[in-house]
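Novice: Got a structure for you, written out below as structure tokens; questions coming shortly.
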Amino acid sequence: GDSVTQMEGPVTLSEEAFLTINCTYTATGYPSLFWYVQYPGEGLQLLLKATKADDKGSNKGFEATYRKETTSFHLEKGSVQVSDSAVYFCALDQAGTALIFGKGTTLSVSS
Amino acid sequence: SQTIHQWPATLVQPVGSPLSLECTVEGTSNPNLYWYRQAAGRGLQLLFYSVGIGQISSEVPQNLSASRPQDRQFILSSKKLLLSDSGFYLCACDRAPYGYTFGSGTRLTVV
Numbered sequence: 121g122d123s124v125t126q127m128e129g130p131v132t133l134s135e136e137a138f139l140t141i142n143c144t145y146t147a148t149g150y151p152s153l154f155w156y157v158q159y160p161g162e163g164l165q166l167l168l169k170a171t172k173a174d175d176k177g178s179n180k181g182f183e184a185t186y187r188k189e190t191t192s193f194h195l196e197k198g199s200v201q202v203s204d205s206a207v208y209f210c211a212l213d214q215a216g217t218a219l220i221f222g223k224g225t226t227l228s229v230s231s
Numbered sequence: 017s018q019t020i021h022q023w024p025a026t027l028v029q030p031v032g033s034p035l036s037l038e039c040t041v042e043g044t045s046n047p048n049l050y051w052y053r054q055a056a057g058r059g060l061q062l063l064f065y066s067v068g069i070g071q072i073s074s075e076v077p078q079n080l081s082a083s084r085p086q087d088r089q090f091i092l093s094s095k096k097l098l099l100s101d102s103g104f105y106l107c108a109c110d111r112a113p114y115g116y117t118f119g120s121g122t123r124l125t126v127v
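Chains as they are written, first to last, in the numbering used here: chain A, 121 to 231; chain B, 17 to 127.
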């Protein structure tokens with residue numbers, strides 16, 4: 121079945137460092153891809169999304185490009201802040217099914 | 017836009033006790049509704065989803081059940097909790113054109 125694989129965490133960075141969180145997927149069709157963020161003690165918030173190949177989603181300085189050839193949707197940010205500390209989930213949405221999530225990657229940014 | 021209300025935020029229950037978590041949706045009608053669980057180190061796991069009143073699909077066999085007595089109400093229940101039921105429970109809804117919206121979650125600790 122469809123699945124999402126994320127890099128294992130935790131990821132620990134200093135403020136202003138470059139961030140990459142890898143995400144790859146397996147799907148039979150052409151899913152939409154998402155990154156969700158979960159701040160401490162809160163539910164999930166949509167960070168960005170891409171609905172077709174080569175689309176780039178972006179929000180709050182984060183970016184991810186839908187790469188069909190490598191079945192990837194890696195999350196990047198050029199300069200992280202302490203306030204970016206959270207758990208990040210990659211997810212896919214295939215028409216007619218529920219969101220399928222990766223296991224989540226914990227990011228910790230120190231000043 | 018759609019809003020999800022989920023309560024309680026935290027809950028500590030003894031093993032063998034019953035459980036009832038409620039989720040209500042505002043701002044939309046006929047949404048698809050979901051219950052996810054986030055257990056330590058296991059990411060987000062889909063437990064149940066519903067496409068309409070009284071229609072429940074279970075993804076994972078377990079001692080939990082779900083009900084949808086009204087269009088915008090989704091309830092997660094258990095007759096007897098197990099230690100392994102501990103986790104963070106998230107309700108979500110999906111309705112075009114809003115996409116997915118998540119509740120703020122309930123942290124359940126079974127002791």
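All C-beta atoms in this analysis are idealised placements derived from N, C-alpha and C, irrespective of residue type, glycine included.
Give a yes or no on whether the minimum CB-CB distance between residue 86 of chain B and chain A is below 9 Å.
Specialist: Taking the first residue of the second sequence as 1, we reach residue 86 of chain B at position 70. Not closer than 9 Å to any Cβ of chain A, the Cβ of residue 86 of chain B fails to qualify, so no.
Novice: By DSSP, does residue 99 of chain B sit in helix, in strand, or in coil?
Specialist: Against the second sequence, residue 99 of chain B aligns to sequence position 83. Residue 99 of chain B falls in the helix class under three-state DSSP.
Novice: Taking 9 Å as the threshold (C-beta atoms), are residue 170 of chain A and residue 190 of chain A in contact?
Specialist: Within the first sequence, residue 190 of chain A is the residue found at index 70, counting from 1. Within the first sequence, residue 170 of chain A is the residue found at index 50, counting from 1. Result no, Cβ atoms of residue 190 of chain A and residue 170 of chain A do not sit closer than 9 Å.
Novice: According to DSSP, what are the bridge partners of residue 48 of chain B?
Specialist: Counted from its first residue, the second sequence places residue 48 of chain B at position 32. Residue pairing from DSSP places residue 48 of chain B in a beta bridge opposite B:110.
Novice: In its own chain, which residues sit with a C-beta less than 8 Å from the C-beta of residue 221 of chain A, not counting the 5 before and 5 after it?
Specialist: Here residue 221 of chain A refers to the residue found at position 101 of the first sequence. Hits under 8 Å: 124, 156, 209, 210 and 211.
Novice: Please compile the residues from chain B whose C-beta is within a distance smaller than 7 Å of the C-beta of residue 219 of chain A.
Specialist: Your numbering for residue 219 of chain A matches position 99 in the first sequence. Those are 116, listed as they occur along chain B.
Novice: If you measure beta-carbon to beta-carbon, which residues of the segment 33-64 of chain B are closer than 7 Å to chain A?
Specialist: 50, 58, 59, 60 and 62
Novice: Using only alpha-carbon positions, find the residue among B:40, B:22, B:29 and B:97 that is nearest to residue 84 of chain B.
Specialist: Reading the second sequence from its first residue, position 68 is the one you call residue 84 of chain B. For residue 84 of chain B, the nearest C-alpha among the options comes from B:40.
Novice: Quick one: what's residue 117 of chain B bridged to in DSSP?
Specialist: Against the second sequence, residue 117 of chain B aligns to sequence position 101. Its beta-bridge partners are B:109.
Novice: Go ahead and label residue 90 of chain B buried or exposed: buried means 16 or more other beta carbons lie within 10 angstroms of its beta carbon, across all protein chains shown.
Specialist: Here residue 90 of chain B is taken as the residue at index 74 of the second sequence, counted from 1. Buried, by the Cβ-count rule.
Novice: With DSSP run on the structure shown, which of helix, strand or coil describes residue 200 of chain A?
Specialist: For the purposes of this step, residue 200 of chain A is taken as the residue at position 80 of the first sequence. DSSP places residue 200 of chain A in coil when its eight states are reduced to three.
Novice: As a quick exercise: from A:164, A:206, A:147 and A:195, pick the residue whose alpha carbon is nearest that of residue 105 of chain B.
Specialist: As a first step, residue 105 of chain B is located in the second sequence; it is residue number 89 there, counting from the start. Measuring from the Cα of residue 105 of chain B, the nearest candidate turns out to be A:164.
Novice: Straight-line CA distance for residue 138 of chain A to residue 82 of chain B?
Specialist: The count along the first sequence starts at 1 and reaches residue 138 of chain A at position 18. The count along the second sequence starts at 1 and reaches residue 82 of chain B at position 66. Taking the straight line joining both Cα atoms gives about 43 Å.
Novice: Please list the partners that residue 120 of chain B has in chain A, where partner means a Cβ-to-Cβ separation under 9 Å.
Specialist: What you label residue 120 of chain B is simply residue 104 of the second sequence in a count that begins at 1. The contacting residues are 161, 162 and 163.
Novice: For residue 53 of chain B, does the count of other Cβ atoms within 10 angstroms reach 16, so buried, or fall short, so exposed?
Specialist: Against the second sequence, residue 53 of chain B aligns to sequence position 37. So residue 53 of chain B ends up on the buried side.
Novice: So, residue 111 of chain B versus residue 47 of chain B, is the Cβ gap smaller than 9 Å?
Specialist: If you number the second sequence from 1, residue 111 of chain B lands on position 95. If you number the second sequence from 1, residue 47 of chain B lands on position 31. Yes, these two residues count as a Cβ contact at 9 Å.
Novice: Would residue 22 of chain B pass as an interface residue toward chain A - the criterion being a Cβ-Cβ separation below 9 Å?
Specialist: In the second sequence, the residue the question calls residue 22 of chain B occupies position 6. Answer yes: the Cβ-Cβ gap between residue 22 of chain B and chain A drops below 9 Å somewhere.
Novice: Does the Cβ of residue 73 of chain A have 16 or more other Cβ atoms within 10 Å, making it buried, or fewer, making it exposed?
Specialist: Here chain A covers residues 121 to 231 and nothing more, so residue 73 of chain A does not appear.
Novice: Considering only DSSP beta bridges, list what residue 132 of chain A is partnered with.
Specialist: As a first step, residue 132 of chain A must be located in the first sequence, where it is residue number 12. Partner(s): A:228.
Novice: Please find out if some non-hydrogen atom of the ligand MG comes closer than 8 Å to the beta-carbon of residue 19 of chain B.
Specialist: In terms of ligand content, the structure shown is empty, and the ligand MG therefore cannot be addressed.
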